[in-house]
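K.L.:
If you're matching positions, the sequence shown starts at 876 in my numbering and goes up one per residue.
Even for Gly, the Cβ is constructed at its ideal location relative to N, Cα and C.
In this text, all values refer to a predicted model and were calculated from it rather than measured experimentally.
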Amino acid sequence: MHAVAHSLGGKYNVPHGLANAVILPYVLERYGEKAEKKLAKLADAAGISGSSTHDKARAFIDAIKAMEREMMIPEKLDCIRRSDIPELARTADREANPLYPVPVLMDAAELEAIYCDVMAEAVGRKATTA
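(1) Helix, strand or coil for M994? Go by DSSP, reduced to three states.
(2) Near C991, what residues of its chain come up, given a Cβ to Cβ distance below 7 Å and the 5 sequence neighbours on each side ignored?
(3) If you count every other CB in all the chains shown that lies within 10 Å of the CB of H881, and 16 or more means buried, which is it?
(4) If you reduce the DSSP assignment to three classes, tell me which class L952 lands in.
(5) Let me know the secondary structure DSSP gives D930 once reduced to three states.
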């Protein structure tokens, strides 16, 4: 996540904290089952209920999204150009450290999907970085 945020800051001057906030829910969703137990524990600590580990993890991610909406953090970034995504992904892939304590290490192709998730399309909700 940080490597993706760094590349967005370097290429488009997106503040690092904003980039991480926008990226966070997408990355957590892509971690899938590999992160569910830890996310369920966080849900328990935050008082978020669910009937299963999966439901708690999903509810926790939904709570993050709701909090970000409350804080007016955009869901997407309109600065990302599709033509830049392969370069951004290669940059993030080179920076990512296999010793980072993450549940899933993503390669450049998987990172490209994250950029596509975060990229504002012509249709739908757009957000600026300002």
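P.N.:
This is what the structure holds:
(1) The residue labelled residue 994 in the question sits at position 119 within the sequence shown. Here M994 sits in strand by DSSP.
(2) For the purposes of this step, residue 991 is identified with residue 116 of the sequence shown, where counting begins at 1. Only I960 meet the Cβ criterion.
(3) Locating residue 881 in the sequence shown gives position 6, where the first residue counts as 1. Buried is the call here.
(4) On the sequence shown, position 77 is the one that residue 952 refers to. Strand at L952.
(5) Position 55 of the sequence shown holds residue 930. In this structure, D930 counts as helix in the three-state DSSP scheme.
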